[in-house]
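Residue numbers (the working numbering), protein chains in the order written: chain Z, 605 to 833; chain E, 89 to 279.
Set out below in structure tokens:
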């Protein structure tokens, strides 16, 4: 009997050790420097709020921490779209002026691998920039660092929230340097191909209500035209 | 007993590691595709949207009854003539398999466009560019601009049509939008 207890205790300790190793691994998931920062391209920044109540529309399966907005929006409860969420938001430039409307589709990726520090999300932006045209931004995002440094500490906190200052890039691919693929589709930017990255600036997160003060920034490095001039 | 504990510890460490490595933590629900082979090569798939049931959002400046209720669409003059819609999208069996956005602009001066993004979580995304005006007053045609996942580097065409329900069908339905997507080969860069 005592050997069985020792074995079970060892199993539990081994599993806990692995989880602790994954959680505490400082090299996993964090990418703070955007590859576009060291390129010669013209950088265009499109900002948006990640708080559902500050978007035009946000919908998901209705059971997540982030609540659909507005209240009466249809939820994505069907099995094929249950792990998908959609954000429709007005995007602003670096000066905070509205420059366009973006629709972001995000789905949990089957390529997620916790052992490698990869909590991946496949996402696509469909963006309209008045006077410029439309863009499609395709990317794979890695939320591992954000989960580890914001979401889990918020759950552990007695106030069910996290406050601080966190900045990190979430774009993981499909570009070789961890960049998103940007394609101009109509208007003056039709045919443009470029690279992009998306980063997050977080200051307040609640484990009950989701992001409260969190801003996403989509940076597009374009060699030819400035889509949000 | 200490050896048994160490054995259990290693078993737990490597067992949990093997589990996390081999068992995917995300498993998207898959619905069998209804793809038909075309006689001249390639294949075709029809996606449908039931109206108004599948409309998640309809945003346009000055809309009297926005969808969803409570939507505050920006009234900036720059968005004049622009509208965006969001739908659930179904396969031939009427099963929801993804979500789609439709953006359009009817401002004249050559800047009009109609575009679709069809996002099927288990398969990929298609970006479809259509002609701004329907060719025969009913259907629009267009091409596949960009694809991701299983649609990456594919070349194809699309037609969009509105099909009104007959009287004996669902009384709550106005009809449906059919998107017929034909994928006929690979783009040049993928060859």
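Even glycine gets a Cβ: it sits at the ideal position worked out from N, Cα and C.
Here the structure is a predicted model, which means the values were calculated and not measured.
In chain order, what residues of the same chain lie with their CB nearer than 6 angstroms to the CB of residue 233(E), ignoring the 5 residues before and after it? 215 and 217
So is residue 671(Z) in contact with chain E if we call contact Cβ pairs under 7 angstroms? no
Rounded to whole angstroms, what's the CA-CA distance from residue 205(E) to residue 756(Z)? Just pull it up for me. 33 angstroms
Figure out for me which residue from 123(E), 241(E) and 222(E) has the closest Cα to the Cα of residue 250(E). 222(E)
Does the beta carbon of residue 239(E) come closer than 7 angstroms to any beta carbon on chain Z? no
In terms of alpha-carbon separation, which member of 731(Z), 689(Z) and 807(Z) lies closest to residue 186(E)? 689(Z)
List, in order along the chain, the chain E residues whose C-beta lies closer than 7 angstroms to that of residue 791(Z)? Under the 7 angstroms cutoff, chain E gives 199.
Span of the alpha helix (DSSP H) holding residue 100(E)? Residue 100(E) -> alpha helix (DSSP H) spans 90-110.
Cross-chain neighbours of residue 683(Z) in chain E, by beta carbon under 7 angstroms: 117
Segment contact flag, the segment 625-633 of chain Z with the segment 642-659 of chain Z, C-beta cutoff 8 angstroms, min 3 pairs: Judged by Cβ distances under 8 angstroms, the segment 625-633 of chain Z makes no contact with the segment 642-659 of chain Z, as fewer than three pairs qualify.
Please list the segments of the beta strand (DSSP E) lying wholly inside the segment 662-700 of chain Z, counting only runs of 3 or more residues, in order along the chain. 688-696
Pick helix, strand or coil for residue 784(Z), following the three-state DSSP scheme. strand
Residue 122(E) versus chain Z: which residues are under 7 angstroms apart at the beta carbon? Residue 122(E) does not reach chain Z, its nearest Cβ partner there being about 14 angstroms away, counting only Cβ pairs nearer than 7 angstroms.
Which chain E residues are close to residue 593(Z), counting only those with a beta carbon under 9 angstroms from its beta carbon? The displayed coordinates of chain Z run from 605 to 833. Any statement about residue 593(Z) would go beyond what the structure contains.
Buried or exposed for residue 772(Z), please, with buried defined as at least 16 other CB atoms from any protein chain shown within 10 angstroms of its CB. buried
Let me know if residue 606(Z) comes out buried or exposed under the rule of 16 or more other beta-carbons within 10 Å of its beta-carbon. Residue 606(Z) is exposed by the Cβ-count criterion.
Do we get a CB-CB distance below 7 angstroms when we pair residue 137(E) with the residues of chain Z? no
In the DSSP assignment, what are the bridge partners of residue 176(E)? 187(E)
Check each candidate in 804(Z), 678(Z), 744(Z) and 761(Z) and name the one with the smallest Cα separation from residue 780(Z). Nearest C-alpha to residue 780(Z): 744(Z).
Just checking: is the beta-carbon of residue 250(E) within a distance shorter than 7 angstroms of some beta-carbon in chain Z? no
Interfacial residues, the segment 687-705 of chain Z to chain E, with Cβ spacing under 8 angstroms: Within the segment 687-705 of chain Z, the qualifying residues are 687, 688, 690, 692, 694, 702 and 705.
What number of angstroms, rounded off, separates the C-alpha of residue 814(Z) from the C-alpha of residue 706(Z)? 21 angstroms
Counterpart residues of residue 729(Z) in DSSP-defined beta bridges: Secondary-structure assignment with DSSP links residue 729(Z) through a beta bridge to 708(Z) and 741(Z).
Could you list which residues in chain Z have their beta carbon closer than 8 angstroms to that of residue 203(E), in chain order? 730, 738, 789 and 790
Residues bridged to residue 216(E) [DSSP beta-bridge criterion]: 204(E) and 232(E)
Where residue 801(Z) and residue 616(Z) are concerned, what is the direct C-alpha to C-alpha distance, given to the nearest angstrom? 40 angstroms
In or out: residue 728(Z) buried (at least 16 other Cβ within 10 Å) or exposed? buried
Nonlocal neighbours in the same chain, by C-beta distance under 7 angstroms from residue 677(Z), ignoring five residues either side: The answer, listed in chain order, is 661 and 663.
Based on DSSP bridge pairs, tell me the residues matched to residue 307(E). Coverage of chain E is limited to positions 89 through 279, which leaves residue 307(E) absent and any answer about it impossible.
First through last residue of the alpha helix (DSSP H) which encompasses residue 620(Z): First-last of the alpha helix (DSSP H) with residue 620(Z): 606-628.
With a floor of 4 residues, list each alpha helix (DSSP H) that falls wholly inside the segment 754-818 of chain Z, ordered by position along the chain. 756-760
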